[in-house]
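Undergrad: Sequence positions in the sequence shown follow UniProt numbering and run 1 to 274.
This structure is in structure tokens; I'll ask about it shortly.
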Amino acid sequence: MGRRTNGDLEESKPPSLEQLDKLREFAGIAHGAPAAESLATLAFLYLYLAISAKYGWTEKELDLINCWAFQGERVIHGNPSGVDNAVGTWGGALQYQSGKITPLKRVPTLRILLTNTKVPRSTKILVAGVKDKLLKFPAIMNPVLDSIDAISHECECVLETMAVNPSLEHYPVLEELFDINQHHLNVIGVGHSSLDQLCQVTASHGLHSKLTGAGGGGCGITLLRPDTPSPVVEAAKRDLITCGFECWETSIGAPGVCLHSPPSMKAEILQALR
1 MGRRTNGDLE
11 ESKPPSLEQL
21 DKLREFAGIA
31 HGAPAAESLA
41 TLAFLYLYLA
51 ISAKYGWTEK
61 ELDLINCWAF
71 QGERVIHGNP
81 SGVDNAVGTW
91 GGALQYQSGK
101 ITPLKRVPTL
111 RILLTNTKVP
121 RSTKILVAGV
131 KDKLLKFPAI
141 MNPVLDSIDA
151 ISHECECVLE
161 TMAVNPSLEH
171 YPVLEELFDI
181 NQHHLNVIGV
191 GHSSLDQLCQ
201 VTASHGLHSK
211 LTGAGGGGCG
221 ITLLRPDTPS
231 PVVEAAKRDL
241 ITCGFECWET
251 SIGAPGVCLH
261 SPPSMKAEIL
271 QALR
């Protein structure tokens with residue numbers, strides 16, 4: 001395969017939905033697969049075609065990766081918001097409102113537990129259910145949605161403050177916002193008994209959790225303070241695994257898609273890629 005040039009990049013266009021569908025089948029990505037799978041596959045295709053010949057991407061190249069990943073999301077989910085592929089591309093955190101996506105300039109890195117309840121769900125069905133409730137009870141549902149919006153703005157303010165002043169005093173506020181948000185999400189109909197169980201288990205260890213993604217099962221996140229003792233985290237993980245869940249300690253607010261040189265990668269990762 002010949003090496004592509006910057007001139008080739010200027011002429012590159014996102015693939016068609018049909019081409020993305022063929023790529024998904026070739027890569028073995030199932031319908032309903034997470035956005036990260038679409039993003040990883042399409043970013044790999046981008047690299048394989050040698051559109052980028054250097055270690056790192058320009059803003060224009062990131063826009064192209066994001067555009068391709070969004071088309072992959074359309075194949076799988078129909079009418080996605082674009083949030084998953086955008087945050088996967090640029091990292092950090094994003095504000096999404098009325099179809100507009102705005103990256104937050106300053107975001108702290110937060111420790112979390114990411115828990116997969118293993119309960120399958122359909123984003124389309126959940127969104128349709130929320131819409132039905134809104135049409136049926138507008139006087140009730142609109143204030144709830146307004147409150148969720150206010151929670152999001154308050155959380156944004158706290159995160160921006162934490163990026164400048166990473167004091168532990170901000171964590172009780174975030175924990176309370178987690179709890180309020182989770183209750184609101186149950187009200188609009190995207191909760192699930194497995195997510196309630198997740199919240200109850202972590203609460204028994206003094207931790208605060210909420211659903212992430214579409215809800216209705218799927219995954220939840222648990223906020224961990226920087227000074228949360230390891231025995232507490234491990235005990236919570238054991239109890240969650242006993243419930244039949246999968247659980248990982250990770251972080252949010254990290255960089256987005258990256259191009260790593262082989263020498264910078266851990267040996268076990270290189271071995272897994274061979």
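Note that beta-carbon positions come from the ideal geometry of N, C-alpha and C, so glycine has one too.
Can you list, in chain order, the stretches of the beta strand (DSSP E) that have 3 or more residues and sit fully within the segment 63-107?
TA: The segment 63-107 contains these whole beta strand (DSSP E) runs: 94-97 and 100-103.
Undergrad: Could you have a look at Gly-220 and say whether DSSP puts it in helix, strand or coil?
TA: Counting from one through the sequence shown, the residue named residue 220 turns up at place 220. Gly-220: strand per DSSP, three-state reduction.
Undergrad: Measuring only the C-alpha atoms, how far is residue 276 from Ser-230?
TA: Nothing about residue 276 can be read from this structure; the chain reaches only from 1 to 274.
Undergrad: First and last residue of the beta strand (DSSP E) that includes Arg-111?
TA: Locating residue 111 in the sequence shown gives position 111, where the first residue counts as 1. 110-116 is the span of the beta strand (DSSP E), which, as asked, contains Arg-111.
Undergrad: Please report the residue range of the alpha helix (DSSP H) in which Lys-266 lies.
TA: Indexing the sequence shown from 1 puts residue 266 at position 266. It is not in any alpha helix (DSSP H) - Lys-266 carries neither H nor E in the DSSP assignment.
Undergrad: Measure from the alpha carbon of Ser-167 to the alpha carbon of each residue in Pro-108, Gly-92, Ser-81 and Ser-98, then state which is nearest.
TA: In the sequence shown, residue 167 corresponds to position 167, counting from 1. Here the closest residue by C-alpha is Pro-108.
Undergrad: If contacts are defined as beta-carbon pairs under 8 Å, then Phe-178 and Lys-210 qualify, I think. What distance do you get, rounded to the angstrom?
TA: Translated into positions along the sequence shown, residue 178 becomes position 178. Translated into positions along the sequence shown, residue 210 becomes position 210. Confirmed, about 5 Å.
Undergrad: Please report the distance separating the alpha-carbon of Leu-134 from that of Ser-147.
TA: Within the sequence shown, numbered from 1, the residue matching residue 134 stands at position 134. Within the sequence shown, numbered from 1, the residue matching residue 147 stands at position 147. C-alpha separation (whole angstroms): 14 Å.
Undergrad: When you compare only the Cα positions, how much space is there between His-205 and His-170?
TA: Your numbering for residue 205 matches position 205 in the sequence shown. Your numbering for residue 170 matches position 170 in the sequence shown. Rounded to the nearest angstrom, the two C-alpha atoms are 19 Å apart.
Undergrad: Name the DSSP bridge partner or partners of Lys-131?
TA: What you label residue 131 is simply residue 131 of the sequence shown in a count that begins at 1. Partner(s): none; Lys-131 has no beta bridge.
Undergrad: Is it the case that the Cβ atoms of Val-201 and Ala-236 are separated by a distance below 8 Å?
TA: For the purposes of this step, residue 201 is taken as the residue at position 201 of the sequence shown. For the purposes of this step, residue 236 is taken as the residue at position 236 of the sequence shown. Yes.
Undergrad: Can you list, in chain order, the residues of its chain with a C-beta nearer than 7 Å to that of Lys-266? Leave out the 5 residues immediately preceding and following it.
TA: Walking along the sequence shown from the start, residue 266 turns up at place 266. If we look at Lys-266 and ignore the five residues flanking it on each side, it has no Cβ neighbours.
Undergrad: Relative to the C-alpha of Leu-223, which candidate in Gly-217, Gly-216, Gly-215 and Leu-198 has its C-alpha closest?
TA: Taking the first residue of the sequence shown as 1, we reach residue 223 at position 223. Comparing Cα-Cα distances from Leu-223 to each of Gly-217, Gly-216, Gly-215 and Leu-198, the minimum goes to Leu-198.
Undergrad: Is it true that the CB of Glu-160 sits closer than 8 Å to the CB of Leu-110?
TA: Within the sequence shown, residue 110 is the residue found at index 110, counting from 1. Within the sequence shown, residue 160 is the residue found at index 160, counting from 1. Not closer than 8 Å, so no.
Undergrad: Can you give me the Cβ contacts of Val-173 inside the same chain, cut-off strictly under 7 Å, excluding the 5 residues immediately before and after it?
TA: Counting from 1 along the sequence shown, the entry for residue 173 is found at position 173. Within the same chain, Val-173 has close Cβ partners Val-158.
Undergrad: Which whole-angstrom value is the C-beta distance of Val-190 and Gly-220, which I expect to be below 8 Å?
TA: Taking the sequence shown and counting its residues from 1, the one referred to as residue 190 is at position 190. Taking the sequence shown and counting its residues from 1, the one referred to as residue 220 is at position 220. Between Gly-220 and Val-190 the Cβ distance is about 12 Å, and since that is not below 8 Å, they are no contact.
Undergrad: Could you have a look at Ile-252 and say whether DSSP puts it in helix, strand or coil?
TA: In the sequence shown, residue 252 corresponds to position 252, counting from 1. Ile-252: strand per DSSP, three-state reduction.
Undergrad: Tell me whether Leu-195 sits in a helix, a strand or coil according to DSSP, three-state version.
TA: Against the sequence shown, residue 195 aligns to sequence position 195. It is helical.
Undergrad: Quick one: using the 10 Å Cβ neighbour count with 16 as the cut-off for buried, is Cys-258 buried or exposed?
TA: Here residue 258 corresponds to residue number 258 of the sequence shown, with the count starting at 1. That one is exposed.
Undergrad: In the DSSP assignment, find the beta strand (DSSP E) that holds Thr-212 and state where it starts and stops.
TA: Within the sequence shown, the letter at position 212 stands for residue 212. Here the beta strand (DSSP E) through Thr-212 covers 208-212.
Undergrad: Only counting the same chain, and skipping five residues up and downstream in sequence, which positions put a Cβ closer than 6 Å to that of Ile-155?
TA: For the purposes of this step, residue 155 is identified with residue 155 of the sequence shown, where counting begins at 1. At residue 155 the sequence reads Cys, which differs from the Ile that was named. So the qualifying residues of the chain are Leu-177.
Undergrad: Determine whether the beta carbon atoms of Arg-106 and Val-164 lie at a separation below 8 Å.
TA: For the purposes of this step, residue 106 is taken as the residue at position 106 of the sequence shown. For the purposes of this step, residue 164 is taken as the residue at position 164 of the sequence shown. Contact flag set, yes.
Undergrad: Kindly indicate the opening and closing residues of the alpha helix (DSSP H) around Asn-165.
TA: Taking the sequence shown and counting its residues from 1, one reaches residue 165 at position 165. No alpha helix (DSSP H) contains Asn-165, which DSSP labels as neither H nor E.
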